[in-house]
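Engineer:
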Amino acid sequence: MTDLVIVLFGLTLLYISAISRLEGYIRALAVQGFLLTLLVVVAGGRINIWNLAFIVLETLGFKTFVIPWFLTKVVRENEISRETEPYITNFYSLLFTSLIFAFSFFIAYWAVRNVTDVRPLHFGISIATIVFGLFIILTRKKLITHTMGFMIIENGIFLLSLAKVHEMPMIVNTGILLDLFLAVFLLGIFINKIKSSFEELDVNELTYLKD
922 MTDLVIVLFG LTLLYISAIS RLEGYIRALA VQGFLLTLLV VVAGGRINIW
972 NLAFIVLETL GFKTFVIPWF LTKVVRENEI SRETEPYITN FYSLLFTSLI
1022 FAFSFFIAYW AVRNVTDVRP LHFGISIATI VFGLFIILTR KKLITHTMGF
1072 MIIENGIFLL SLAKVHEMPM IVNTGILLDL FLAVFLLGIF INKIKSSFEE
1122 LDVNELTYLK D
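Residue numbers (this note's numbering): 922 to 1132.
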């Protein structure tokens, strides 16, 4: 069950790399949140009940519903339908994503030979998710897409931490949640403020901002 959920999580990365519609990105992030919730529930027997309740609330409530809803609202209000003119095409994006998976599983199987208690699939998808988030930030121009890239990185870190989830303090979960929510909230304010000055919300436009 766990392996199937992790594989589905990895497929969301391939889906994101192959599309340009931002609402598709948001749906994929919501699916990731739901899959992380399933992983937490499956591992629930190893977690303190209060910690389990908090993590489920964080993943199912915020990652699956609240933050995707807020991002969708920002996208529709500012009429940002798709990622236009990315630095690389969707075909090459999908190709590089495949290479990221290959690199990540190479690292994972290397770790298995050198470190005990490491699951290759779990570790490999986690590393691939973190690297893929960085890849999205480097190859996309929209500010909101960059925020989604940071969310993907956070999901990768969360997925990696689930390997030792019973050792994850609640204060760490709280810090992650607050950082993520604050970043998304500030993004909405930032986009609404600069929309009146710039027609396109690309990172290239930031070079023209002045005090």
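The beta carbon of each residue, even a glycine, is placed where N, CA and C say it ideally should be.
With a CB to CB cut of under 7 Å and the five nearest residues on each side skipped, what residues in its chain are close to residue 1054?
Structural biologist: Only 1070, 1071, 1073, 1074 and 1077 meet the Cβ criterion.
Engineer: Between which residues of its own chain and residue 938 is the CB-CB distance below 6 Å, once the five residues before and five after are set aside?
Structural biologist: So the list reads 1014, 1015 and 1018, once near-sequence residues are dropped.
Engineer: Considering only the alpha carbon of each residue, which of 1062, 981 and 956 lies closest to residue 1010?
Structural biologist: Cα-wise, what sits closest to residue 1010 is 1062.
Engineer: For residue 942, which residues in the same chain have their Cβ closer than 6 Å to its Cβ, ignoring the five residues on either side in sequence?
Structural biologist: Cβ within range, chain order: 1003.
Engineer: Distance check for residue 930 and residue 1044, CA to CA, integer angstroms please.
Structural biologist: Computed Cα separation, rounded: 13 Å.
Engineer: Could you check what DSSP says for residue 958 in three-state terms: helix, strand or coil?
Structural biologist: In the structure shown, residue 958 sits in a helix (DSSP, three-state: H, G or I).
Engineer: Tell me the DSSP secondary structure of residue 984 in three-state form.
Structural biologist: Residue 984: helix per DSSP, three-state reduction.
Engineer: Rounded to whole angstroms, what is the Cα-Cα separation between residue 934 and residue 1068?
Structural biologist: About 15 Å.
Engineer: Using the beta-carbon count (16 or more within 10 Å), is residue 979 buried or exposed?
Structural biologist: That one is buried.
Engineer: Quick check: residue 1083 and residue 995, are their CB atoms within less than 8 Å of each other?
Structural biologist: In this structure, residue 995 does not lie closer than 8 Å to residue 1083 by Cβ.
Engineer: DSSP on residue 1062, reduced to helix/strand/coil?
Structural biologist: DSSP places residue 1062 in coil when its eight states are reduced to three.
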